[in-house]
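What follows is a short report on a single structure.
There are 2 protein chains.
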Amino acid sequence: MVHSAVLPSPPTDDIDVVDVMHALADPTRLTIVRQLLEGGEQACGGFDVRVSASTLSHHFKVLREAGVIDQREQGRHRMTSLRSTDLETRFPGLLTSVFGVVHA
Amino acid sequence: MVHSAVLPSPPTDDIDVVDVMHALADPTRLTIVRQLLEGGEQACGGFDVRVSASTLSHHFKVLREAGVIDQREQGRHRMTSLRSTDLETRFPGLLTSVFGVVHA
DNA sequence: CCTTCAGTTCGAAGATCATCTAACTGTTCG
DNA sequence: CGAACAGTTAGATGATCTTCGAACTGAAGG
């Protein structure tokens with residue numbers, strides 16, 4: 001059975017501004033998002049952050065439940081990507097203003 | 105003595121993204137900023153929020169120290185204003201994307 | 001099959017946070 | 001002066017957050 005189970009993340013219209021602000025109010029999570037902006041989809045191990053695996057997993061959950069990232073299973077890896085388009089729809093220009101880069 | 109003591113708030117270039125995100129990651133503070141965007145400078149008592157005066161004071165401190173608002177003493181009142189221009193300089197488009205309004 | 005690997009879940013510890021009441025400071029006005 | 005007013009500060013409380021190590025799950029590979 002090929003299950004491409006998408007982990008729970010809110011639909012675009014339900015992305016809440018408080019949740020997004022909270023998700024971005026942490027240096028580690030900000031680093032994660034910045035690396036996703038620069039490098040695109042990555043596996044958990046591909047991030048250059050100095051926290052334990054369990055802490056990193058916690059941060060992914062916060063970002064995912066806020067609607068900032070998406071995660072999909074792929075074999076032994078869990079691929080993480082930024083919901084750039086959805087964020088651009090819900091809060092146009094947010095990524096650009098916060099990270100100083102143009103949304104890809 | 106006419107003291108127009110400006111309460112401590114960081115210079116524009118030192119406004120930190122984590123502090124700003126954290127400042128905006130609270131419903132009450134978000135309401136405060138929204139009301140400042142709509143109504144301009146206001147005294148503390150002019151805000152329509154359902155928290156005690158001391159809690160409101162706490163939220164102003166968080167917003168001020170993050171660089172989101174400015175406060176100046178005027179007689180018996182403390183006037184609060186949004187640092188729209190500084191925020192626009194530091195994070196262009198942020199207010200617009202978060203609040204869905206054009207920066208005045 | 002059994003080991004390794006990628007990542008999560010489960011407590012737990014310590015820090016930070018939002019909120020309140022009570023007491024305080026400083027200003028205005030009668 | 002003395003009372004009323006605007007807002008802050010202090011201290012406490014309960015909730016939430018970040019972090020970790022240890023144990024777990026599920027997939028890949030020898």
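In order, the protein sequence lines correspond to chains C and S. If you're matching positions, the first sequence starts at 1 in this note's numbering and goes up one per residue. If you're matching positions, the second sequence starts at 105 in this note's numbering and goes up one per residue. From the three backbone atoms N, C-alpha and C, an ideal C-beta is built for every residue, glycine too.
For the pair of segments examined, the segment 51–58 of chain C was found not to touch the segment 80–87 of chain C: the number of CB pairs separated by less than 8 Å stays below three. Between PRO112(S) and the set ARG176(S), VAL205(S), PHE203(S), the nearest pair of CA atoms involves ARG176(S). ASP120(S) and ALA170(S) have their C-alpha atoms spaced approximately 7 Å apart.
Looking at the backbone, the Cα of ASP118(S) and that of VAL124(S) are separated by about 11 Å.
Residue-level contact by beta carbon fails for PRO10(C) and chain S, as no gap is shorter than 7 Å. For HIS162(S), none of the residues of chain C pass the 9 Å Cβ criterion, the least Cβ distance being about 17 Å. Within the same chain, and ignoring the five residues on either side of VAL202(S) in sequence, the residues whose Cβ sits closer than 7 Å to its Cβ are LEU128.
Per DSSP, the continuous alpha helix (DSSP H) segment holding ILE32(C) begins and ends at 27–39. Not flagged as an interface residue toward chain S: SER84(C), since no C-beta distance is shorter than 7 Å. The closest CA to that of GLY40(C), considering only PHE60(C), THR80(C), VAL18(C), is found on THR80(C). For GLU177(S), DSSP records a beta bridge to ARG182(S).
Per DSSP, ALA23(C) has no beta bridge partner at all. The beta carbon of VAL122(S) sits closer than 7 Å to some beta carbon of chain C.
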